[in-house]
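Numbering-wise (this note's numbering), the first sequence opens with residue 1 and increments by one. These notes are about the structure you will find just below.
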Amino acid sequence: MIAAFPDEIDLKKIAESGQIFSCGQMEEPDHFWFLSAGNLLTARQIDPQHIEAFCESGIWDSFWSAFFDAERDYRPLRQVMREKGGISAAAAQEGAGLRVLRQDPWEMLISFIVSQRKSIPAIRTCLAKLSDFGPIVPGAVCAGLPGLRRLPSPDRLLSLTSQQLLACGTGYRAAYLHDAALKVAGGKLNLAAAGKLDDEALQAELMNVKGVGVKVADCVMLFAYGRTDRVPADVWIRRVKERCPDAFTGIAAPGLAQQYLFFYARRHGRDGSFVQ
DNA sequence: CTCCAGGTGATGG
DNA sequence: CCATCACATGGA
1 MIAAFPDEID LKKIAESGQI FSCGQMEEPD HFWFLSAGNL LTARQIDPQH IEAFCESGIW
61 DSFWSAFFDA ERDYRPLRQV MREKGGISAA AAQEGAGLRV LRQDPWEMLI SFIVSQRKSI
121 PAIRTCLAKL SDFGPIVPGA VCAGLPGLRR LPSPDRLLSL TSQQLLACGT GYRAAYLHDA
181 ALKVAGGKLN LAAAGKLDDE ALQAELMNVK GVGVKVADCV MLFAYGRTDR VPADVWIRRV
241 KERCPDAFTG IAAPGLAQQY LFFYARRHGR DGSFVQ
C-alpha cells in the first residue's frame, strides 16, 4: 500500500537517525526494513512525501502509522527552527524527512541501556547479538532477511547466563540488563501501566532500574512513550547547547527538535564544520 | 596503538 | 548539592 505523509518522510535518514537500531537498507535501491515489537516492515521510498509499505492496510493503520508518527505535520516545527537561524536552521533544512518514531518500551529500555558509552555501530552489533537469543521474526525469510530475530523478552533475558550476556559485548551493562529484566518480568516495573503516569512519575519509575539515569530515561520516554517535551542530553546535544544555548527555547515539542539537532551534530561532528 | 562512544553509580568533598 | 572516577568493549 502507498502511505502519504502530511509533510515529509525520509526512510534513509530515519534508519540512520540513532533512535532505532533494528533497521537497514535492502539490496534494491530505496528499499528499507524496520523491525519493532515483533513487526517487520519493508518499504520503498517513492518521493519525499510517499512510501510504498509492503504490508496490508490493516497493520499499517493499527501499528506502522503510529510508529512513523504519520499523523503529525513537522512543518511548523521546522519553520520555527529555520527562523532561529544557525545550527537550528541548518538542522531543520538537512533533516527534512526525519520523524520521531513510536517504539516498544521494553525494546527501547534495553536498547538505550546498551547504548551508554557506545558508538551507534557498536550498539547495533551488540543488540543484534542479543537478538540471537530472541524469537524468530515471522515473515523474515519472505522479506529476504533470513535469520532475523527480535530482542529477547524479559523472561528470556533472565534465562541467559552472564557469560552469554557478556559474549554479546554488553560489558559492564550486563548487570543493568539483568536488573531491567528482573524488574519487568517480576512486575515491579509495568511498562504498559507506566504509560499512564505523568512525566515526573514515569521518569522515576524508569530510573529505579540500575543503569537507567536521566539520559536513558529520556530516550525511553521520547522514543517509546511519545513524551515530546523530553530532550535526551547526550554528548552531541550538550555540544549543541554549548554552542547555541537557546536552541530549544520557545519550541513546543523540543524532543522533536532534538532529533534534527542530534542528526545534524553527529553528521557534521567529524568533518570540522560543527565541533571546534 | 590511541581515542571516543546517544552515561551511570559510587565516592568524596 | 557538585566534581571525579571506574567501568568493558567495539569501531575508527
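Each residue gets a CB set at the ideal place from its N, CA and C atoms; glycine is no exception. Predicted model, so just to flag it, every value in this text is computed and none were measured.
Out of 242, 97, 258, the CA that lies nearest to the CA of residue 229 is found in 258.
One thing to note: residue 141 has its Cβ no nearer than 8 angstroms to the Cβ of residue 180. The region 84–100 and the region 130–137 do not touch, with fewer than three beta-carbon pairs separated by less than 8 angstroms. As a beta-bridge residue in DSSP terms, residue 41 pairs with 34. Residue 53: member of the beta strand (DSSP E) spanning 50–53, first to last residue. Taking each of 92, 202, 66, 82 in turn and checking the Cα distance to residue 261, the smallest one comes out for 92.
Taking residue 46 as reference, the option from 82, 206, 1 with the minimal CA-CA separation is 1. Where residue 2 is concerned, the enclosing beta strand (DSSP E) starts and stops at 2–4.
Look at the beta carbons and you see the region 114–131 touching the region 19–26: at least three pairs across the two are nearer than 8 angstroms. Between residue 108 and residue 220, the C-beta spacing is below 8 angstroms.
Distance from the CA atom of residue 111 to the CA atom of residue 6, rounded to whole angstroms, is 29 angstroms.
Counting C-beta pairs closer than 8 angstroms gives three or more between the region 242–252 and the region 69–89, which meets the contact rule. For residue 25, the enclosing beta strand (DSSP E) has its first and last residue at 23–25.
In the three-state reduction of the DSSP assignment, residue 46 falls in the strand class, which pools E and B. In the DSSP assignment, residue 198 falls outside any alpha helix (DSSP H) and carries neither an H nor an E. Under the 10 Å beta carbon count, residue 120 is surrounded by fewer than 16 other beta carbons and is classified as exposed. Taking the C-beta atoms as reference points, residue 174 is found nearer than 8 angstroms to residue 165. When the Cα atoms are used, residue 213 and residue 82 turn out to be separated by approximately 32 angstroms.
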